[in-house]
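Top line first, the protein sequences correspond to chains G and V.
Counting along the first sequence from 1, when you hit position 49 you're at 66 in this note's numbering, and nothing is skipped either side.
Counting along the second sequence from 1, when you hit position 86 you're at 103 in this note's numbering, and nothing is skipped either side.
From the three backbone atoms N, C-alpha and C, an ideal C-beta is built for every residue, glycine too.
There are 2 protein chains.
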Amino acid sequence: MFFLRELPTRMMIDRYVSASGVGDTDTVAQALSMMREASQLGRILDAYFSNYNLSQLKFHILIVIDREPNTDSLRQSEINQRLDVSKPVLHRTVASLLDEGFLVRNDDTQDSRAHRLALTDAGKTMLAAILPGYFETISDYMEKKP
Amino acid sequence: MFFLRELPTRMMIDRYVSASGVGDTDTVAQALSMMREASQLGRILDAYFSNYNLSQLKFHILIVIDREPNTDSLRQSEINQRLDVSKPVLHRTVASLLDEGFLVRNDDTQDSRAHRLALTDAGKTMLAAILPGYFETISDYMEKKP
DNA sequence: CTTATTTAGTTATCATGATAATCAAATAAG
DNA sequence: CTTATTTGATTATCATGATAACTAAATAAG
Numbered sequence: 018m019f020f021l022r023e024l025p026t027r028m029m030i031d032r033y034v035s036a037s038g039v040g041d042t043d044t045v046a047q048a049l050s051m052m053r054e055a056s057q058l059g060r061i062l063d064a065y066f067s068n069y070n071l072s073q074l075k076f077h078i079l080i081v082i083d084r085e086p087n088t089d090s091l092r093q094s095e096i097n098q099r100l101d102v103s104k105p106v107l108h109r110t111v112a113s114l115l116d117e118g119f120l121v122r123n124d125d126t127q128d129s130r131a132h133r134l135a136l137t138d139a140g141k142t143m144l145a146a147i148l149p150g151y152f153e154t155i156s157d158y159m160e161k162k163p
Numbered sequence: 018m019f020f021l022r023e024l025p026t027r028m029m030i031d032r033y034v035s036a037s038g039v040g041d042t043d044t045v046a047q048a049l050s051m052m053r054e055a056s057q058l059g060r061i062l063d064a065y066f067s068n069y070n071l072s073q074l075k076f077h078i079l080i081v082i083d084r085e086p087n088t089d090s091l092r093q094s095e096i097n098q099r100l101d102v103s104k105p106v107l108h109r110t111v112a113s114l115l116d117e118g119f120l121v122r123n124d125d126t127q128d129s130r131a132h133r134l135a136l137t138d139a140g141k142t143m144l145a146a147i148l149p150g151y152f153e154t155i156s157d158y159m160e161k162k163p
């Protein structure tokens, strides 16, 4: 999260960046602007997902299972390879998706410690319902921002 | 936070965006890429701040007080106008900065409900110590990313 | 003036991120 | 084979974000 509503002035950045010779002022200004915009868009998307009682993480879990080319299920550890989130948070969020009926869990025949997670029909329906508005929300933000 | 390590393919975006006519595929792809990069840089910055037992929010609080042109103190409500964060979180984090000795709090002579928050010498020293590395960290990330 | 509304700050509670530590099964090493 | 290490999942605990509801003081409205 990047909280600053007004970014540091070019002068202020310049005082530390080009003065100390560690980088380019414009590039740093661009990075700060990127972080601010991503925070704003992130908040807008969180609001969009909350209409469906979902979160960005839940959405991403559904997405990575759905888009897998050769199977319709993944292990928790495989989801973890695809999502940059800690194991306990993934575990808790998967548990919540199971509880809400968007995922089902079956034993893994290869490894008795593991399970395979697949989308239910409700999960597929939710994903189909949420995707167009997701891209539209992003598209709207990009058009309307200065 | 944007967790997806691999962004949706252009084809997948296209299926929802240009097909439904609600936006431009390239623009959406650019937005997703921006969110991913901002997440990654955010994690790197969090790691940098944690070396100083600080957070991005604490840093931003110190910054907005320090950069104020006509005064060396702000009310909590004034900080809130400058930072996109909820009142309770700001309150808690200011309390923590007071406790750590980076801020001091004095009564506001205009309004008995309010207080004025100013940097201590330790706060100014911390800010001076952390700023160059902050910009350098951002600069490094921008140079090294693909 | 008195009452109503707004503003500044605070408290309680919840949601969602992280790390550290643990258990059991699978795999590698001796 | 037996022991050591790695891997998959889980639990406990903490950090840091949010909203809702509250108090007290300041300000506006009647």
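CB-CB length for residue i against residue j, believed under 8 Å
i, j, result
"serine 50(V)", "methionine 18(V)", "Contact doesn't hold; Cβ gap of about 15 Å is too wide."
"leucine 100(G)", "isoleucine 78(G)", "7 Å"
"glycine 59(G)", "methionine 52(V)", "7 Å"
"glutamate 54(G)", "lysine 162(G)", "7 Å"
"proline 149(G)", "tyrosine 33(V)", "5 Å"
"aspartate 63(G)", "glutamine 73(G)", "7 Å"
"lysine 75(V)", "threonine 126(V)", "About 27 Å; that fails the 8 Å criterion."
"valine 39(V)", "serine 156(G)", "6 Å"
"phenylalanine 152(V)", "valine 102(G)", "Between valine 102(G) and phenylalanine 152(V) the Cβ distance is about 28 Å, and since that is not below 8 Å, they are no contact."
Boundaries (first-last residue) of the beta strand (DSSP E) holding residue i
i, result
"aspartate 101(V)", "Note, aspartate 101(V): premise wrong, no beta strand (DSSP E); not H, not E."
"aspartate 41(V)", "First-last for aspartate 41(V): undefined, no H or E at that position."
"aspartate 124(V)", "120-124"
When the options are compared against residue i, the one with the closest alpha-carbon
i, options, result
"asparagine 123(V)", "Leu148(V), Asp89(V), Ser103(V)", "Asp89(V)"
"leucine 136(V)", "Ile30(V), Phe66(V), Phe119(V), Asp43(V)", "Phe119(V)"
"glutamate 85(G)", "Ile96(G), Phe152(G), Ile147(G)", "Ile96(G)"
"leucine 115(V)", "Arg130(V), Gln47(V), Gln93(V), Tyr151(V)", "Gln93(V)"
"threonine 154(V)", "Asn68(V), Leu24(V), Val45(V), Arg22(V)", "Asn68(V)"
"aspartate 43(V)", "Asp31(V), Glu23(V), Asp157(V)", "Asp31(V)"
"arginine 22(G)", "Gln98(V), Val39(V), Glu23(V)", "Gln98(V)"
"alanine 112(G)", "Asp128(G), Ser37(G), Leu134(G)", "Leu134(G)"
"leucine 91(G)", "Tyr65(G), His132(G), Arg27(G), Asp41(G)", "His132(G)"
"asparagine 70(V)", "Met143(V), Ser37(V), Phe152(V), Tyr158(V)", "Met143(V)"
"glycine 140(V)", "Asp41(V), Glu117(V), Arg27(V)", "Glu117(V)"
"alanine 146(V)", "Ser35(V), Ile61(V), Tyr65(V), Ala36(V)", "Tyr65(V)"
"methionine 159(G)", "Val45(V), Ser129(V), Met159(V)", "Val45(V)"
Segment limits, alpha helix (DSSP H) that includes residue i
i, result
"aspartate 31(V)", "27-37"
"aspartate 157(G)", "138-161"
"glutamine 127(V)", "Careful: glutamine 127(V) lies outside any alpha helix (DSSP H) and carries neither H nor E."
"leucine 79(V)", "73-83"
In DSSP terms, what residue i is bridged to
i, result
"serine 90(G)", "Ala135(G)"
"leucine 21(V)", "Leu100(G)"
Residues of the stretch 19-34 of chain G whose Cβ lies closer than 9 Å to any Cβ of chain V, in chain order: Within the stretch 19-34 of chain G, those residues whose Cβ lies closer than 9 Å to any Cβ of chain V are, in chain order, Phe19, Phe20, Leu21, Arg22, Glu23, Pro25, Thr26, Met29, Ile30, Arg32, Tyr33, Val34.
Where the stretch 130-144 of chain G meets chain V: residues whose CB sits under 9 Å from a CB there: From the stretch 130-144 of chain G, no residue has a Cβ closer than 9 Å to chain V.
Where the stretch 75-103 of chain G meets chain V: residues whose CB sits under 9 Å from a CB there: Within the stretch 75-103 of chain G, the residues whose Cβ lies closer than 9 Å to some Cβ of chain V are His77, Ile78, Ile80, Val81, Arg84, Gln98, Arg99, Leu100, Asp101, Val102, listed in chain order.
Proximal residues, the stretch 113-128 of chain G versus chain V, C-beta separation under 9 Å: none
Contact list for the stretch 34-53 of chain G against chain V, Cβ threshold 8 Å: Val34, Ser37, Val39, Gly40, Asp41, Thr44, Val45, Gln47, Ala48, Leu49, Met51, Met52
Short-range partners of chain V found in the stretch 144-157 of chain G, where Cβ spacing is below 7 Å: The residues in question are Leu148, Pro149, Phe152, Glu153, Ile155, Ser156.
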